[in-house]
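There are 2 protein chains.
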Amino acid sequence: MLTLEKIQAAKNKLAPYIHETPVVRLYGLDDILGCNVYIKAENMQKTNSFKVRGALNKMLSMPIEQLQKGVVASSSGNHGKGVAYAAKLLNIQATIVLPDTAPIIKVEGIRALGANVVQCKFADRQAETDRLSLAHNYAIIHPYDDYHIMAGQGTVGLEILEQLPHVDTIVVPIGGGGLISGVATAIKTLAPHVKVIGVEPAVISRYAKSLKAGERLLLEEQKSLADALLPLQPGKLNFPIVQKLVDNVVSVDEDSLHSGMKTLLLDGKQLAEPSSSIVIGAALQGILPIAKNDNVCFLISGSNVGLNQLQTFL
Amino acid sequence: MLTLEKIQAAKNKLAPYIHETPVVRLYGLDDILGCNVYIKAENMQKTNSFKVRGALNKMLSMPIEQLQKGVVASSSGNHGKGVAYAAKLLNIQATIVLPDTAPIIKVEGIRALGANVVQCKFADRQAETDRLSLAHNYAIIHPYDDYHIMAGQGTVGLEILEQLPHVDTIVVPIGGGGLISGVATAIKTLAPHVKVIGVEPAVISRYAKSLKAGERLLLEEQKSLADALLPLQPGKLNFPIVQKLVDNVVSVDEDSLHSGMKTLLLDGKQLAEPSSSIVIGAALQGILPIAKNDNVCFLISGSNVGLNQLQTFL
């Protein structure tokens, strides 16, 4: 079970190794988005994404004998970079399984930390990860379907509450559901009046559809600008937490995703990757339940975006 | 004379109209720049530059009868946008004289605030401003050579000291010298141990050369990526203040200017214009007297940079 205590323990464990990223007030976006705009700047986190929190918390909880055999993780890139960072810190070997379509900056960022990279078709990632685990006795570090991972990601929620006690609403990108499970658990235990809203790409709205159906639906593979938000099904452990604690999950179309990134860069002056600026896209699309004087914290989850992608965007 | 009291008075006067921009800790740049990196984020200021502070402070100090005849200002763009913003607020007419080479985003930003724009050759700006002033009885709002302007810009220094009391060094872009005169006066009165370093483009190092010569030299017109730092001579009122209070002025080459912008965007995740990211370029060039554990505040003075410029840069 995921509890506040586990998230608080993760916070202490992670403190020496990660940044307490700032909450930044972006006045320049208030009129555009229709609320008092704050961001939690995980785009400035080590490895340039929040994923390092969960990966490191998970690996710090594992027995050293197991770690020394090596670890393997399937990832769209950011979780892999988090695992690679943790592996370097712990002086162990990591292998990261990425889809062929992963942005170059993510592939290179992982290699630069000393991890092996194996690339395969998106659909084959899990099978390849299982194969490597079996063949080499590598422990699998799941990107979201794991309580230690969720507890690590939940530390973002604790920090937001400390840094912005008068927050009304927190807007969080959803892929598999690791980040929002952790954040919602922290927030709803300590400050149940604060709304937690999830945001996913409309082309692959696995949470909105599953919540409606009351069960974890498996969607078909799709392309989206949000390259880190492509999981086809809510996580098994994550889904009930999201069902219970998250106020709302909204779906953002690709045009708004694109506008979200441009607005955050040109008006907010912040560089983030599309899977993070999706939260700004949701506000632009007008689908967030927010009002003019609400203090809204947009969780900017990462910024592993390359020059080549930026050029395409702009 | 410029005094701390005038800067404090400006702070109170400006408070209802501008943002207290954040000081943001950019951990991701520490290793790259070789110090503890903070930015004062005037890239997030109203009008997207600090210039609104001086323009507004000046115009709020003028008699209403004079303002109602209209104002005129020569500018590379940001001062003009500040004057246009103040004019809109005070419901008076502003005319801004810009060089033909001003970035489109600055021209459009000024027009969007309702001011008239007159464009001419860079060399003809002052004559055109004087002509308009004479012909229409417009009051001239000088971009830097004015104590009210300097007092307004100096409020940035007051805010830095409040927000980051343990700052060791503040790094400030210099054009005519309005910003650094105000900041140095505030800092050296309240915290004389804090170093204030000026940064200008090497191709037009009017301050470094004038300080060496002991008098205000008039340089020849040059091109630089730093389109807001092109004044050919230190301001008359500014020069003695810089002589007396600024610890050092360094000159940044165009390559480092370019790298500074890229580093601030891709590693710092902040969008700024070249005339602001020049302070990052100075650190990259290795010409700042800073050390590993110093708390260095880089004054990111503005972010009026268009998509077209960004594309050229990246």
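Chains as they are written, first to last, in the numbering used here: chain A, 1 to 314; chain B, 1001 to 1314. Note that CB positions come from ideal geometry on N, CA and C, so glycine has one too. The model shown is predicted, which means the values in this text are computed figures rather than measured ones.
Helix, strand or coil at residue i according to DSSP, with G and I counted as helix
{"i": "A/Ile300", "result": "strand"}
{"i": "A/Val167", "result": "coil"}
{"i": "B/Leu1098", "result": "strand"}
{"i": "B/Ser1224", "result": "coil"}
{"i": "B/Ser1074", "result": "strand"}
{"i": "A/Pro173", "result": "strand"}
{"i": "A/Tyr85", "result": "helix"}
{"i": "A/Glu200", "result": "strand"}
{"i": "B/Arg1025", "result": "strand"}
{"i": "B/Ser1205", "result": "coil"}
{"i": "A/Val183", "result": "helix"}
{"i": "A/Ala41", "result": "strand"}
{"i": "A/Leu191", "result": "According to the sequence provided, residue 191 of chain A is Ala. The question's Leu does not apply to it. Three-state result, A/Ala191: coil."}
{"i": "B/Val1107", "result": "helix"}
{"i": "A/Ser256", "result": "helix"}
{"i": "A/Val52", "result": "helix"}
{"i": "B/Val1246", "result": "coil"}
{"i": "B/Asn1295", "result": "strand"}
{"i": "A/Val305", "result": "coil"}
Under 7 Å between C-beta atoms of residue i and residue j
{"i": "B/Ala1184", "j": "B/Leu1264", "result": "no"}
{"i": "A/Ile140", "j": "A/Val72", "result": "yes"}
{"i": "B/Ala1086", "j": "B/Met1044", "result": "no"}
{"i": "B/Ala1115", "j": "B/Ala1094", "result": "yes"}
{"i": "B/Asn1137", "j": "B/Lys1069", "result": "yes"}
{"i": "A/Ile290", "j": "A/Ile39", "result": "no"}
{"i": "B/Ser1074", "j": "B/Thr1129", "result": "yes"}
{"i": "A/Val279", "j": "A/Pro173", "result": "yes"}
{"i": "B/Arg1053", "j": "B/Thr1189", "result": "no"}
{"i": "B/Asn992", "j": "B/His1166", "result": "It is not possible to answer for residue 992 of chain B, since the shown part of chain B is limited to 1001 through 1314."}
{"i": "B/Asp1247", "j": "B/Lys1212", "result": "no"}
{"i": "A/Val171", "j": "A/Ile187", "result": "no"}
{"i": "B/Pro1231", "j": "B/Gly1175", "result": "yes"}
{"i": "A/Asn57", "j": "A/Ala10", "result": "yes"}
{"i": "A/Ile64", "j": "A/Lys46", "result": "no"}
{"i": "B/Cys950", "j": "B/Leu1179", "result": "This structure cannot settle anything about residue 950 of chain B, because the visible part of chain B is limited to 1001 through 1314."}
6 Å CB neighbourhood of residue i in its chain, flanking five on each side removed
{"i": "A/Gly177", "result": "Tyr144, Pro234, Gly235, Asn238 and Val242"}
{"i": "A/Ala282", "result": "Val199, Val250, Val252 and Leu288"}
{"i": "B/Lys1051", "result": "Asn1078, His1079 and Gly1082"}
{"i": "B/Gln1222", "result": "Val1203 and Ile1204"}
{"i": "B/Arg1216", "result": "Ser1210, Gln1233, Pro1234 and Phe1239"}
Cβ-based neighbour list, residue i, same chain, cut-off 8 Å, excluding 5 preceding and 5 following
{"i": "A/Tyr27", "result": "Val37"}
{"i": "B/Ala1055", "result": "Ala1073, His1079, Gly1082, Val1083, Tyr1085, Ala1086, Ile1141, Ile1149 and Gly1152"}
{"i": "A/Leu257", "result": "Pro201, Ser224, Leu225, Ala226, Pro274, Ser277, Ile278 and Gly281"}
{"i": "A/Asp100", "result": "Gln119, Cys120, Lys121 and Phe122"}
{"i": "A/Val107", "result": "Gly77, Leu98, Val117 and Gln119"}
{"i": "A/Lys292", "result": "Gly34 and Cys35"}
{"i": "B/Gln1066", "result": "Ala1139"}
Exposed unless 16 or more other CB atoms sit within 10 angstroms - verdict on residue i
{"i": "A/Leu218", "result": "exposed"}
{"i": "A/Ile104", "result": "exposed"}
{"i": "B/Thr1169", "result": "buried"}
{"i": "B/Gly1214", "result": "exposed"}
{"i": "B/Asn1308", "result": "exposed"}
{"i": "A/Asp146", "result": "buried"}
{"i": "B/Ile1007", "result": "buried"}
{"i": "B/Ala1102", "result": "buried"}
{"i": "B/Asn1091", "result": "exposed"}
{"i": "B/Glu1005", "result": "exposed"}
{"i": "A/Thr312", "result": "exposed"}
{"i": "A/Leu132", "result": "buried"}
Chain-order list of residues whose beta-carbon lies under 7 Å from that of residue i (same chain, five-residue window excluded)
{"i": "A/Gln285", "result": "Val252, Asp253 and Ser256"}
{"i": "A/Ala191", "result": "Leu161"}
{"i": "A/Ile32", "result": "Thr263 and Asp267"}
{"i": "B/Thr1021", "result": "Lys1040, Ala1041, Glu1042, Met1044 and Gln1045"}
{"i": "A/Ser259", "result": "Gly281 and Leu284"}
Proximity test, residue i beta-carbon vs the ligand SAH heavy atom, cut-off 6 Å
{"i": "A/Ser275", "result": "Looking at this structure, you won't find the ligand SAH or any other ligand, since it has none at all."}
Within chain D, partners of residue i - CB distance below 9 Å
{"i": "B/Arg1125", "result": "The question asks about chain D, but that chain is absent: this structure's protein chains are A and B."}
**Report entry** At least three beta-carbon pairs within less than 8 Å, the segment 267 to 279 of chain A to the segment 1260 to 1280 of chain B
**Finding:** Segments in contact, yes.
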